[in-house]
Structure formats: C-alpha cells, structure tokens
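Read through the structure below, which is laid out as structure tokens, and then see the notes.
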Amino acid sequence: MSVEARVRDYVVVTTEARTRALPIRLLGGLWRELRKMRTAILLLSILALLATVGTLLPQIPQNPRGVMGYVERHPFTAPWFARLGLFDVFSSWLFIATAVLMYTSIGASMLVRVPAAWRRGRVKAQRTWGFWAEVASIVFHASFFLLLVGVVYGKAAGFVGNVAVVEGDTITEARANYDNLSEGVWTGGHAGFQVKVDRFQVSYWPTGQPRDFVSRVRITDGGRTVETRDVRVNHYLDYRGVKVYQTGYGWAPTLRIATPDGRTVADAPTMFLGDPPLANGVIKAPSAGSGSQQLAVSAIFMPDPQLVGDAIAPGGPTPRLPLLLVRLYRGNLHLDRAQNVYSLDTAGLDLRWRGALRLGDSVTTPDGVRLTFTGLKQYTDLTLNKDPGVSIVLAAFAIGLGALLLSLYLPLLGREDRLAPPATLT
Amino acid sequence: MLALLRGDLAHPTAAPGDLSLHLYFGALVLYLAGMLAFFAYFAYRQEGLRRIGLALVVPGSAVHLLAVVFRGFADSHYPLANMYEYSSMLALVAVLVFLLMTVRYPVATLAGGPALFVVVALMGVGFALYQSPEPLVPALQSYWLKIHVTSMMVASGVLVSSFVFAALYLVKDRSLNARSWLHESAASLRLPSLQTLDQLTFRAVLLGFPIWTFGTMAGAIWGEHAWGRWWGWDPKETWAAITWMVYAIYLHAHSLQAWRGRRTALIATAGFVSILVTLYAVNLWIVGLHSYARGAG
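If you read the sequences in order, they're chains A and B.
Using our numbering, you'd call the opening residue of the first sequence number 1 and step up by one each time.
Using our numbering, you'd call the opening residue of the second sequence number 427 and step up by one each time.
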C-alpha cells in the first residue's frame, strides 16, 4: 500500500471515528460487508443448507404425520428442532431472515454496480462486450426483485382453496364453501359464480393406474351458463381470473338409514376417503333419536371386491360389484364437540349391526333400522385459485433468463475476460 | 453387439421394448470399450488409440439413440417418464456433449476415460432401476413433460462434463503437492494444466447452468399450470433449487480471483453430487409430489 493511501485511510478512519456514533459505524460496516460477493456466497450456502434440512426432516405443510412420527421417535432432539422451526423450515425465521439478507445483499451490491456501470457507459470507448455483460448481470439480479413482487402480489391479492364436489352438485365460489382456503390480505370479495360438476369420469390403464380423470364443469354466473369445460389435470378452466384445477377424486356412496318408526335420517351421497379400490367413510345421523339413540355408520367401500379364501379383499378400481361393508353404531355422537366429519370416535358407541350390502340391497337390523345402499356416485377434488401475479412472475422469468444468458455469454465475444467485480464487492 | 441383437433381427416383430434394451446394452458395451481405449490413449498418447476410442463411442451413441427411439415406440409416449428412461437419455446427452467439447477443445479428449466411466456408471444405475414400458399417468400427460424434464436432463448431461473436469482438477492439484502419493505420477504429468481444467469446468457450467435455470422455471410454470402453484417446496423442487444455488455459488466464486481454483473445483463437484441427489435420491428415499416419476403412481 502506498504512503498516500495509508494516510488517506488513516484520515478517513479517524474522521469517521470522531464524527459518527458507534451504532452507525457498525451499521456502515455491516452494509459494506453485506454487499460483498463473499457474503452473497455465504448467504447462498446457508439457504442451500436450510433447504437441505427441509428435505431431510419431515415438514408440517407437506407431511404432518411424518413430523408426528419423528417427534415420537426422537424425544430428545425433536423439541430443539421444533424451537428452530426446522419442521417448517421454509416459514422459519432462520430461513426468512437469510432470504431477507440475501435480497438486501443483492440490493446493496446494486447500489455500487449501477452507478459504476452508469459512469462506464457514458464513455464510448468503455462500452465493450464486458460492459454489456455487466449491464445484463445487473438486470438479471434485478429480475429477482420483480419475481418477489410477482409472487408476493399474487399471494396477497389472490387466494387458493380446495373443494370436493359430488357429481351433479353445485357450489358457489364463496369463502364459506371451501374445505380449506388461504387468502391474502388484499384478496377482497369472492366472485360468487356457481361451479356445477355435471359429471365425473375416470378411466384406467390395465395396470390399474389412472389413465384420465375429468370433471365436466359448468360455470353459471348471474343465472346463465357462461362456460362448460372438461377440467382435467394439466387442463384447467379460467373464468374471471379464477382458475379451476382438477386434483383428485373419490367415491360417494349413498346409504339410506331409516329408523324403526319409518323416518329417513340419512339419504345423501357421502364422500369416502382412500384409494379407488378401497375407500372408507362415516355417516352420522344425529336426528335418529335423542341423546344415546343417535345412529352412525362406519363403512368400507370396495368397487370390485375379490374373495381370497374366506376373506374379502379389494380388487380393481372400477365398479364391477360395488360392496359396502357396514358397521352400525348407536349412542351419543357428541356433535356439540368439534370433530372430524371423516372419522368416527366409536368409544362410548354401541355396535348394533355389521354386514355387507351390494348396490340396491336393503336390510332391516334386529333393532328395526332399515339400511339401503341406494346409489353410487363419485366426487371430484377441485382446487380454485386466483393469482393476479402470474404475468409478473412470467415476465421476471423471461427477463431473468435472457439477462442471465447475455451476462454469461457476452464476455466470450470480447477479447477481454469477464470483468472483475468492483473492488468494493470483493 | 450383433450377438445381442441376433434374436431381435430373427424376430423383427418382437417387442420394441426388448429391442430397445438390447440396443442399450450394445451402447453400454461400446462405451466400455471406448472408455478403455481413452484410458489407453491417456497412458500412451498414441493418436491411433484416440481414433479407436472415437470409433467405438460415436457408433455407441448412435446405437444408444436408437435404443431411446425404440423405447419411445414401446412406451407410445416420449420416453422420459421414469428413472431408467431418464438415466438413459442423460447418459446419451453426457456422451454427446462431451464429444462436442472435445471438438471445440481437443485437450478435453484426455478426460475421455473418466467421462465415459461416469456415463457407464449412470447407465448401470439406470439399468438397476429398470422399468418395463408403462403408460403415462394423467399428471405427466402434458407437453410440459417434454419441456421441463428434457431441459433438466440436458442440463444434467452437460454438467457431467463440468464434474469430470473439476474432479480431474482436484487430482491434478493434489499431485502438485510434493507430499502427495500422486506427485509426479503419470496421471499428474499427463493431465492438462490446472488453468485448462478450470476453464473447461467453467465452460461446461456456463452451458449447463442457464439450461438448469430454464428447466427449473419451466417446472414452476408447469406447477402453476397443473396444480395452481408455482412452488410448493416439494423435495424435488427444493433439490432443484439447491443445485441451482450450488452452481450460482460456483459462478460467483469463479469471478473472485482468490477463489478460482481448488475451491471452485470443489464447488463444481458438490454441484454434481447435488444433481445426483435431485435426480435419484429424492425419488428413491424422499416421498413427494414427484414420486410418480418412480412409476409407482
């Protein structure tokens, strides 16, 4: 280092020390550190490491059961992981803080690079391929901010919800009708149009794998049909910015339950959960009687049961001989307590009858309850979403990719090697 | 090679899937022989050995291409839907990209042995994960399968080369250390210079990284198209992002003079490990939305 430079550094350091308070000097140091390339590398490494943890440990949003199992198996480490947010890494403060620092680092380096490029660009002799590569690199890094804007705006002003609809049924696109819904802060009101599933069809390959499943969806708005479309995976429907996606499907058998005094207490399709060859479901009939006289059914449905020895086993996914294995319970269902509609707590209930019903079969139990397997439908799982940020994200992708290519390849055109990064960034 | 195909030629109506598999083995045999020729070329520096190597590997890649095409006939869809098909195409692209690099940078030919070793290993893994031709599940019935999966596969194939050169960099670097057992060994004396190996690694990353970026973006667009979301931190998505970050780290580190060299070679090696995790480990050991790629549905 030359003598002048040393003197200059000394003067700068001592004047800064005299004129600025400690917190400001610390912040200044942090700022200078943050914009350095080494810091960016460090932050990228931390993000990659945290992401790795997110795939090695089960995550609550994707795999809540896995997290429960892990917590039971590792009573010592699990609480610590939980404290650090490692079971939901991508929402943890560790991850978010690192991502924020990463963005700050990109922004801080821009504050050095943009003026430097500006100064260079004003001199014609300096506008080399290397210079344009630097401009492209700045644009590439800026596209991350555009991407952030697109994603955040889409989440904040949009929504995503799931709903299961039995074929023939209609739901209204409104907040209360979703099975689960996540909205942003600026989502505002819902469109209020009707989504009717005219029919649902599924076909299978000989291997038993689904070949195609499709919901014929009819959209009615203000009393008239505005759109009819086959919605299948990879082919969504788009109406007024709300997209309807096909996600899954299942069985919805109808078991009619009539009490000994002739009242019908259940007679609607019930959504069953599980794979097509073997599904299970619960029907609750609190109106069958007061208190301990309420009825409930826990059932297993097989569209194509096979006899294996004396036992019945699930077969194929298509309804060749639809069979409902029924357990009828009597007792207080305690519907005043919060509970899952898809499961039945049989503790405290009295098993009154068990047996199998084919489609159309009817049976009267010794108690006089009449059970009839009256119908079989399917339901379709639809995802509805609104994402007004789509075009911004796509623009960020296009700009980012183009700028990345230019920033990587323009230097190869010139005789010079890639430009060295500005000294303050190294 | 002909012995492998005799049965197919005698019964031309036999299943295209079987024919494809025999061609796959034919290519594998040619690659193995080519690998030996390139190792011999490295050891003896005889021009004839290089030509023998090329005379084995170039037809090998043609046979390999036929294997891919016939697999497509057997599938009646684009043959990139399970890990066997993926490994097969990946190995083919790795061979072709490596051959192209030797055209542009002849010195790269010296790495032919190790490069073909990686290719043969990938094909071995592919065969271990063999699956008979199967129809596509609805989630994969989209032109995005071609765009997204092909670009991930091509990027991986390109980055195979960067891994080979980076690994050779590390060998060469080690051999320059006087205390190393590799010091002044034949391997160290005949390898290209450190700077050349660094540049070859860099050029391969320069080609592979934007393709990986494009493939990841295409995956996000497909996710939006099929499920209504760009990104869900599914393990496959997460590992694609991790790999992207490792190569981004590589490019940043490479622009720093002080980091260029052994450190960047280590990062490029780590990047390839990350690719292998993304392609294989995620499907085999981590459950996620992309598990259909295993063929289990």
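Glycine included, C-beta positions come from ideal geometry on N, C-alpha and C.
Along chain A, which residues have their Cβ under 9 Å away from the Cβ of residue i?
i: G697/B; result: Correct list: empty, because the minimum Cβ distance to chain A is about 10 Å.
i: W659/B; result: A51, G54, T55, Q59, P61, Q62, V89 and F90
i: I414/B; result: Past the boundaries of the shown model lies residue 414/B; chain B is included only from 427 to 723, so the question cannot be answered.
i: A667/B; result: L47, A48 and A51
i: S568/B; result: V233, N234 and H235
i: P636/B; result: L401, L404, L405, L408 and Y409
In chain A, which residues lie less than 7 Å from residue i when you measure between Cβ atoms?
i: V672/B; result: A48
i: H574/B; result: Result: empty, since nearest Cβ-Cβ is about 12 Å, beyond 7 Å.
i: T664/B; result: A51, G54 and T55
i: M643/B; result: F397 and L401
i: L596/B; result: Near L596/B there are no residues of chain A at all, since even the closest Cβ is about 19 Å away, more than 7 Å.
In the DSSP assignment, find the unbroken alpha helix (DSSP H) run with residue i in it and report its ends.
i: D501/B; result: E473 to D501
i: A21/A; result: Unbroken run through A21/A: none, as it is neither H nor E.
i: L181/A; result: Careful: L181/A lies outside any alpha helix (DSSP H), inside the beta strand (DSSP E) at N180 to E183.
i: D599/B; result: T576 to S601
i: T52/A; result: M37 to L56
i: V672/B; result: P661 to S681
i: G641/B; result: L620 to W653
i: L522/B; result: M509 to R530
i: V533/B; result: That residue, V533/B, is in no alpha helix (DSSP H); it is neither H nor E in DSSP.
i: T690/B; result: R688 to L702
i: A82/A; result: A78 to L84
i: F543/B; result: G538 to A554
i: N340/A; result: Counting along the chain, N340/A falls outside any alpha helix (DSSP H), and DSSP gives it neither H nor E.
i: V67/A; result: P64 to R73
i: N709/B; result: V708 to W711
Using a C-beta to C-beta distance shorter than 8 Å, which residues of chain A count as neighbours of residue i?
i: H651/B; result: N234 and Y236
i: S640/B; result: In the sequence as presented, Ser is not what sits at residue 640/B; that position holds Phe. Result: L401.
i: R655/B; result: V160 and N385
i: I478/B; result: None at all; the shortest Cβ gap to chain A is about 33 Å.
Could you pull the start and end residues of the beta strand (DSSP E) that residue i belongs to?
i: W353/A; result: D350 to R358
i: L456/B; result: No beta strand (DSSP E) holds L456/B; the alpha helix (DSSP H) holding it covers P442 to Y470.
i: P210/A; result: P210 to D221
i: S362/A; result: S362 to T364
i: K243/A; result: V242 to A258
i: A612/B; result: No beta strand (DSSP E) contains A612/B, which is instead part of the alpha helix (DSSP H) from A612 to R616.
i: V265/A; result: T264 to A266
Kindly list, in the order they appear in chain B, the residues whose Cβ is closer than 7 Å to that of residue i.
i: P210/A; result: V563 and P564
i: M428/A; result: Since the displayed chain A opens at 1 and closes at 426, residue 428/A lies outside it and no answer follows.
i: W205/A; result: P561
i: I41/A; result: I675, H678 and A679
i: F213/A; result: P564
i: V195/A; result: Neighbours of V195/A on chain B: none; closest Cβ ~14 Å, over 7 Å.
i: L44/A; result: M671, A674 and I675
May I ask you to list the residues that DSSP assigns as paired with residue i?
i: H235/A; result: R232/A
i: R199/A; result: R216/A
i: M302/A; result: L323/A
i: L307/A; result: I312/A
i: K284/A; result: A296/A
i: G274/A; result: A279/A
i: R330/A; result: L295/A and D350/A
i: L567/B; result: Strictly speaking, residue 567/B in this sequence is Gln, with Leu absent from that position. DSSP output for Q567/B lists no bridge partner at all.
i: P269/A; result: T254/A
i: T225/A; result: T220/A
i: Y204/A; result: P210/A
i: Q194/A; result: T172/A and T220/A
Name the chain B residues whose beta carbon is nearer than 9 Å to that of residue i?
i: K377/A; result: Correct list: empty, because the minimum Cβ distance to chain B is about 20 Å.
i: V185/A; result: Ordered by position in chain B, no residue passes the 9 Å Cβ test against V185/A, which lies about 18 Å from the chain.
i: V71/A; result: By Cβ distance, chain B contributes nothing, its closest Cβ being about 18 Å from V71/A, past 9 Å.
Residue i touches chain B at which residues, Cβ-Cβ below 8 Å?
i: Y245/A; result: A652, W653 and G654
TODO: Just list the alpha helix (DSSP H) runs in the region 369-417 of chain A, keeping only unbroken ones of 4 residues or longer that don't cross its boundaries, in chain order.
DONE: Listed in chain order, they are 390-413.
With a floor of 3 residues, list each beta strand (DSSP E) that falls wholly inside the region 116-174 of chain A, ordered by position along the chain. Runs found: 159-166 and 170-172.
### Message
Three Cβ pairs or more, each shorter than 8 Å: is that satisfied between the region 225-245 of chain A and the region 338-349 of chain A?
### Response
Touching, no, given that fewer than three Cβ pairs across the two stretches are closer than 8 Å.
Self-check item: Touching by the beta-carbon criterion (3+ pairs, under 8 Å), the region 384-396 of chain A and the region 647-657 of chain B
Solution: Touching, yes, given that three or more Cβ pairs across the two stretches are closer than 8 Å.
Segment contact, 8 Å Cβ cut-off, at least three pairs: the region 167-185 of chain A with the region 365-385 of chain A | Yes, since at least three Cβ pairs between the region 167-185 of chain A and the region 365-385 of chain A fall closer than 8 Å, the two stretches touch.
Is there contact between the region 119-128 of chain A and the region 139-153 of chain A, where contact requires at least three CB pairs shorter than 8 Å?
-> Taking 8 Å as the limit for Cβ pairs, the verdict is that the region 139-153 of chain A does not touch the region 119-128 of chain A.
> Counting Cβ pairs closer than 8 Å, one from the region 679-691 of chain B and one from the region 603-613 of chain B, do we hit at least three?
Replying inline: With a cut-off of 8 Å, the region 603-613 of chain B and the region 679-691 of chain B do not count as touching, because too few Cβ pairs lie within range.
Q. Touching or not, the region 626-637 of chain B and the region 214-227 of chain A, by the rule of three or more beta carbon pairs under 8 Å?
A. Too few Cβ pairs lie closer than 8 Å, so no.
Quick test of the definition: if touching needs 3 or more C-beta pairs under 8 Å, does the region 86-100 of chain A touch the region 44-54 of chain A?
Judged by pairs of C-beta atoms under 8 Å, the region 86-100 of chain A touches the region 44-54 of chain A, as three or more such pairs exist.
The region 27-43 of chain A in contact with the region 97-114 of chain A per 3-pair CB rule at 8 Å: As far as the Cβ criterion goes, the region 27-43 of chain A touches the region 97-114 of chain A, which means the pair count is three or higher.
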